[in-house]
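Asks: I have a structure I would like to understand better, so I am pasting it below and will then ask my questions one at a time.
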């Protein structure tokens, strides 16, 4: 939407002819800026939230400050800003025996994945960089590119620990994409469209009288599909209990052990951006996207933005809650859960949704 | 190490590593994720304790024993002091005995809290670690109230103690025990009965009882394998015969007898038993008497040698002391329980995955200060 | 008691293995190291003795009286204990190893070797355990002098000027 709007706006007051590819290129580059800003702000807020949430769950206070000054700001609000400054100013260390080219490219590939996926995430009726008619499919497909970056990072570090982390991560992400995709298939069976705005507009109105017509409440199988999607999504993002690639107590820091400074910041940014994307897709596909939970009430475009952000925020909070509660699974147990539990469940789910819709819905 | 075969990888865990409980190096030969051989390398924390003892008087050795197993210093002091007193045939007053038992059991609780917290952290659960440390702080506050130190106390002297119990200690201890008892259940529900934790630790790292006895594994590790052996009951020292407590023994509740979960469970139960012992001791505590009345002016044990062992939170801590009548010992040897537990690591952990090796190492509860001395 | 019982068994089964003096010591049994490995196996396997737990191996340097290796055994089945002392020649210290009988002996014997230089015959992997592999000297001996340098670092011998 934003891209279309920008194109039209440019064409209206300049002499570019309609549909010029050069204009398209320029508009796309301009449209990339808010995505980057979004990723940066998301990291800022999410890191601060993680620090404070983990602190309160662990019976401590986290970063605190007493007010204006050179330290962490009142209640530690400037903590992430300080972190970002520190990372920018850190020395760039590349191990001598590391494969330089791959070492340098890897963070960029990992960064690119959430960056381009965010283009298709609708925050509002209008705030959407590109309204693709294959929206959900695009996001899931693009999510696989990150694996290449992870393997590159692990291999090029010339460090056995990084290699372990990279191999584990690759296996994990590739395996868990299947339950993710299959649970989205149940949603698509109901909505009949892959477009993100289309899925959201399907969830308009109410069901069973008072409940909003979210796919979550549509039928019991899609209820289960939400949980399959969310759990597999947590595994996709490499968060505890599935954070074996980064397992801090075992592998020091897994595939990003040898990275420091701004390069490491890229990994960090992309992890939180991935969390945002998985939560965003879950909110769109199952929780009604930017629709209000009280149908017909508070539905203007400002409120829609608020509803979307709060749904995403709740899901991210739940991901953080998981991290600080559960121990982590061992690699083979993780794979077990994917292939022997979630995958059959997702397949059965598809049948269930289909039969339910056929007979009842 | 020999010849490394084609597909195997040599992986070095440590000496600097987030979960080796100190400076320990494990050279691990792996085939993919499965470990085929583990060789521990120790000695990074060797501070020549036994050589120092040959130049120190008997009472000067006590602060050095603190620093061996720095997590449970009271129990180290206890073991040394009880050994020298038996060599010199000193019988301390009942008040001193009661206070010693209270301190040793409180330190047992503190040590187990640390062991369980770090074990949880190794397995990936970050929150129980902080909860257990918060509770451990209360115990360290009690110790600080008594002798001024939080970790290394130099509290138990030969023939007595360094400080008497301060005013208010008994009330604060009762307060702490009442506060802490429900916390054990909270931690259990959070970590021990968590399905993921059970998957990670049940059936993992099984230590059969015969292997345990042959490798000299003692303490909660041995009790986790089903062997009912506790020096406080079976080779009584001090006044432990006056207290009524059980010895928890692993029963394979969630998996096989002797797996990591059993060792975790035994430690949790031992904390409960220690709470019971401290309560009984506080009730029976004599209030009259000077804690330093029987401390001899000059400590010159008669010629001879003695080997005595006491129950530290890690197992049996043995002291072999040889004296020839002078104020300086001829030989002090500290038989460390974590030393033997670590020697059994290669027998338990071979054939498992790397994540399991970390979990098994955490369940054995080793402290490198004691291993290396 | 167990002390006399062990003396009797050893005198019967391994004659000449005990160091006979007029007054036998009451709390330990001195043994010659000649067939120590067989005696150790007997101590573990005999059903009346059944010393299944080796508690501690201590090495001692007694100066002019030579070096000793002292073993403390305990039986988990019969709940009795015994101490065995074996004298070792100072010039060429050797003693049979018992690490295959009690697996805990593996690391204990390595530690005695590390500190005293006593060679344990039959030990499958006798190397230093607490000190680096290329350390020179046997630290707990009474005549031990620290080496001058270790990998180029000067080993300090006096404590002044450390600040």
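Protein chains in written order, with my numbering: chain B, 1 to 361; chain W, 1001 to 1373; chain R, 2001 to 2163.
A virtual CB, placed ideally from N, CA and C, is assigned to each residue, including glycine.
Source: prediction; values computed, not measured.
1) Using beta carbons (cut-off 8 Å, strictly below), is residue 2083 of chain R in contact with chain W?
2) Determine the extent of the alpha helix (DSSP H) in which residue 2059 of chain R is found, giving its start and end residues.
3) Measure from the C-beta of residue 2056 of chain R to each C-beta in chain W and report whether the shortest distance is under 8 Å.
4) Let me check one thing: in DSSP terms, what residues is residue 2074 of chain R bridge-paired to?
5) DSSP on residue 1157 of chain W, reduced to helix/strand/coil?
6) Only counting the same chain, and skipping five residues up and downstream in sequence, which positions put a Cβ closer than 8 Å to that of residue 1145 of chain W?
7) Cα separation between residue 2120 of chain R and residue 2053 of chain R?
8) Go through its chain and collect everything with a Cβ distance to residue 1202 of chain W's Cβ below 6 Å, but skip five positions before and after it.
9) Tell me, please, whether the CB atom of residue 249 of chain B is closer than 8 Å to any CB atom in chain W?
10) If contact is defined by three or more beta carbon pairs under 8 Å, each pair taking one atom from either stretch, is the region 192–200 of chain B in contact with the region 226–241 of chain B?
11) Hey, quick one: how far does the beta strand (DSSP E) through residue 996 of chain W stretch, first residue to last?
12) For chain W, find out if any of its Cβ atoms is closer than 8 Å to the Cβ of residue 322 of chain B; answer yes or no.
13) Just how far apart, CA to CA, sit residue 1200 of chain W and residue 1354 of chain W?
14) Does DSSP classify residue 137 of chain B as helix, strand or coil?
15) Residues of the region 46–65 of chain B with a CB closer than 7 Å to any CB of chain W: list them in chain order, please.
16) Counting along the chain, where does the alpha helix (DSSP H) carrying residue 1148 of chain W start and finish?
17) In chain W, which residues lie less than 8 Å from residue 241 of chain B when you measure between Cβ atoms?
18) Counting only Cβ-Cβ distances shorter than 9 Å, please list the residues of the region 311–335 of chain B near chain W, keeping chain order.
19) How do the region 1262–1274 of chain W and the region 1122–1140 of chain W stand: do at least 3 beta-carbon pairs fall below 8 Å, yes or no?
20) Hey, which unbroken runs of the alpha helix (DSSP H) at 4 residues or more fall wholly within the region 1283–1344 of chain W?
21) With a threshold of 7 Å on Cβ separation, who are the neighbours of residue 2058 of chain R within its own chain once the five nearest residues in sequence on each side are excluded?
22) Does the region 146–156 of chain B come into contact with the region 97–110 of chain B, if we say contact requires no fewer than three beta-carbon pairs (one atom in each stretch) closer than 8 Å?
23) Counting contacts by CB-CB distance shorter than 8 Å, is residue 1046 of chain W in contact with chain R?
24) Measuring CA to CA, which of B:186, B:208, B:172, B:87 is closest to residue 333 of chain B?
25) Name the DSSP beta bridge partners of residue 1185 of chain W, please?
26) What is the DSSP secondary structure of residue 1280 of chain W, reduced to helix, strand or coil?
27) Counting only C-beta atoms, is residue 1131 of chain W closer than 8 Å to chain B at any point?
28) Would DSSP call residue 2096 of chain R helix, strand or coil?
29) Go ahead and pull the three-state DSSP assignment for residue 1092 of chain W.
30) According to DSSP, is residue 1162 of chain W helix, strand or coil?
31) What residue range is occupied by the uninterrupted alpha helix (DSSP H) comprising residue 1072 of chain W?
32) DSSP three-state label for residue 2032 of chain R, please.
33) Please list, in chain order, all residues of the same chain as residue 1177 of chain W whose beta carbon is under 8 Å from its beta carbon, the five residues on each side excluded.
34) Under 8 Å, Cβ to Cβ, is there at least one residue of chain W near residue 90 of chain B?
Replies: If we stick to the structure as given:
1) Cβ-Cβ to chain W under 8 Å: yes for residue 2083 of chain R.
2) Element bounds for residue 2059 of chain R: not the alpha helix (DSSP H) but the beta strand (DSSP E), 2053–2061.
3) True, the Cβ-Cβ gap to chain W drops below 8 Å.
4) As computed with DSSP, residue 2074 of chain R is found in a beta bridge with R:2053, R:2081.
5) Three-state DSSP puts residue 1157 of chain W in a strand.
6) Excluding positions up to five away in sequence, the list reads 1166, 1168, 1169, 1172.
7) If I take the Cα positions, the gap works out to 19 Å.
8) Spatial neighbours of residue 1202 of chain W in its own chain (CB-CB distance under 6 Å, excluding positions within 5 residues in sequence) are listed in chain order as 1254, 1255, 1259, 1261.
9) A caution first: residue 249 of chain B carries a pLDDT of 49, below 50, which makes its placement in the model too unreliable to give a value.
10) With a cut-off of 8 Å, the region 192–200 of chain B and the region 226–241 of chain B do not count as touching, because too few Cβ pairs lie within range.
11) In the structure displayed, chain W extends from 1001 to 1373; residue 996 of chain W sits before or after that span and is not available.
12) No, its Cβ sits nowhere closer than 8 Å to a Cβ of chain W.
13) Their backbone Cα atoms lie some 12 Å apart in a straight line.
14) Three-state DSSP puts residue 137 of chain B in a helix.
15) Legend: CB atoms of the region 46–65 of chain B lying less than 7 Å from CB atoms of chain W belong to residues 57, 58, 59, 60.
16) Annotation for residue 1148 of chain W: no alpha helix (DSSP H) segment contains it, and DSSP assigns it neither H nor E.
17) Here the neighbours are 1124, 1196.
18) Answer set for the region 311–335 of chain B: 323, 324, 325, 326, 327, 328, 329, 330, 331, 332, 333.
19) Touching, no, given that fewer than three Cβ pairs across the two stretches are closer than 8 Å.
20) Entirely contained in the region 1283–1344 of chain W, the alpha helix (DSSP H) runs reaching 4 residues are, in chain order, 1337–1343.
21) So the qualifying residues of the chain are 2070.
22) A contact exists between the region 146–156 of chain B and the region 97–110 of chain B.
23) Interface annotation, residue 1046 of chain W: in contact with chain R, CB-CB separation under 8 Å.
24) Nearest option by C-alpha distance: B:172.
25) According to the DSSP secondary-structure assignment, residue 1185 of chain W is paired through a beta bridge with no residue.
26) In the structure shown, residue 1280 of chain W sits in a helix (DSSP, three-state: H, G or I).
27) Closer than 8 Å to some Cβ of chain B, the Cβ of residue 1131 of chain W qualifies, so yes.
28) Here residue 2096 of chain R sits in strand by DSSP.
29) In this structure, residue 1092 of chain W counts as coil in the three-state DSSP scheme.
30) In the structure shown, residue 1162 of chain W sits in coil (DSSP, three-state: anything other than H, G, I, E or B).
31) Where residue 1072 of chain W is concerned, there is no enclosing alpha helix (DSSP H), given that its DSSP letter is neither H nor E.
32) Coil, per DSSP.
33) Here the set comprises 1275, 1278, 1279.
34) Not an interface residue.
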